[in-house]
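Heads up: the structure comes next, in structure tokens.
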């Protein structure tokens, strides 16, 4: 069977050929072919993330662009410019000269370091070169400074949701995890909220505990402080700093902002952030619990280019991918002393209603749950460190009691326990060891 999109393409192609044939038969001249100009600049970057709080402002040392020599001869003395327009209307220009580049070759060029002023608003960087001119050979990158919010998205959501590649999501049991990388500046701080949006919540809601839960995780991206991002294969490489949840009810407006309050693993309503340190703000959804065969689509903006890979990673089918080709994830990190953007929030299940022991567990994990009232259904799920389901128990007409989860056959390491009830959801970090 031919996929729908291929069939549509074949119809359009056939119609185009028929149109040309009819025009030729009628003695009409076909329109001249379009002329495509191959750009000479690509991969331009200006900042680590689109929005950075003022007090985390630091020198930008990775402003750069890739120059392509499209000629069949070597070129030299090519001037490259990065003209930066500030929010107050003033400008500054950074320059580099490329002394020599062989025919058909390309190279990435870094500009001199630049410390932007602490001016609120958007900075626009115009990248140009002296060898090729015109709009096709100009690239723009933007970044901004905010009061107390980190953001990877450009503040403008896509007009349409971007569906996942369904074959990839199916092979991953309808599990997906997305994240955004943030670098703190020269001061220590506290993170208090993660803000995100949902593009298709109305089509994925089902009345089942745990089926409508978004896991919200803050990771230390360099727990060993060696200056390198620890993410190599998947999010199990990272240290968990915060585990919280958001339970959607299907009435959220498309791409409306949702604020989830962070808690550290001791229950404090914030997470301590080191200075000059990387962190991942992450969202995951386990569509296997809902069993409707379709994942949540997190809100995204048009694509933004950043310095480090992977800056906005996606995980499905056990492999890390660098975001969507067309888009950048909404996953903002809000700092202390700043109210989150207006939006819905979810407090989750009171942590005092669930006790987990022992830590670490060797044979069995004991889960003691004390709810306020009888719940029609409560789900207790042991997830791996990524959020995928390993063990699941469904309790009917349940209020309080203790259950056990056999973990004797599980490898040593970090796991996530999820308790999903009509009174809210919570996630707990669980260690398995001997």
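In the numbering used here, the protein residues as written are 1 to 434. In this text, a Cβ means the ideal position worked out from N, Cα and C, and glycines have one as well. Note that the structure is predicted; figures quoted are calculated from it, not measured.
Item: Residue 277 in three-state terms, based on DSSP; Value: coil
Item: Length of the line joining the Cα atoms of residue 140 and residue 312; Value: 20 Å
Item: Presumed contact (8 Å Cβ cut-off) between residue 427 and residue 365, rounded CB distance; Value: With 8 Å as the limit, residue 427 and residue 365 do not qualify as a contact, their Cβ atoms being about 14 Å apart.
Item: Collapsed DSSP secondary structure at residue 353 in the structure displayed; Value: helix
Item: For residue 322, three-class secondary structure by DSSP; Value: strand
Item: Contact set for residue 405: own chain, Cβ-Cβ below 6 Å, skip 5 residues either direction; Value: 365, 382 and 391
Item: Residue 234 versus 399, 299 and 384, residue with shortest Cα-Cα distance; Value: 384
Item: DSSP bridge partner residues for residue 200 (one or two, in chain order); Value: According to DSSP, which records beta bridges pairwise, residue 200 is partnered with nothing at all.
Item: Closest by C-alpha distance to residue 115, when choosing among 286, 58 and 178; Value: 58
Item: Neighbour flag for residue 100 against chain D, beta carbons, 9 Å; Value: No chain D is part of this structure, which consists of one protein chain only.
Item: Cβ contact (3+ pairs, closer than 8 Å) linking the segment 119-131 and the segment 81-99; Value: yes
Item: For residue 361, the nearest candidate out of 325, 379, 431 and 326 (CA to CA); Value: 431
Item: Residue 279 to residue 229 span [Cα, whole Å]; Value: 9 Å
Item: First and last residue of the uninterrupted beta strand (DSSP E) at residue 180; Value: 175-183
Item: One or two residues paired with residue 42 in a DSSP bridge; Value: 66
Item: Per-residue burial, residue 393 [other beta carbons within 10 Å of its own, 16 or more giving buried]; Value: exposed
Item: Of the listed residues 132, 49, 60 and 56, nearest to residue 80 (C-alpha basis); Value: 132
Item: Proximity of residue 194 and residue 247 at Cβ, strictly below 9 Å; Value: no
Item: Close beta carbons around residue 262, own chain, < 8 Å, minus the five adjacent residues each side; Value: 191, 192, 193, 194, 216, 218, 242, 244, 269, 270 and 271
Item: CA-to-CA distance, residue 198 to residue 150, given in whole angstroms; Value: 19 Å
Item: Simplified DSSP assignment, three categories, for residue 433; Value: coil
Item: contact_flag[the segment 200-212, the segment 177-188] where n(CB pairs < 8 Å) is 3 or more; Value: no
Item: Residue 302, buried or exposed, once every other Cβ within 10 Å from all chains shown has been counted against 16; Value: exposed
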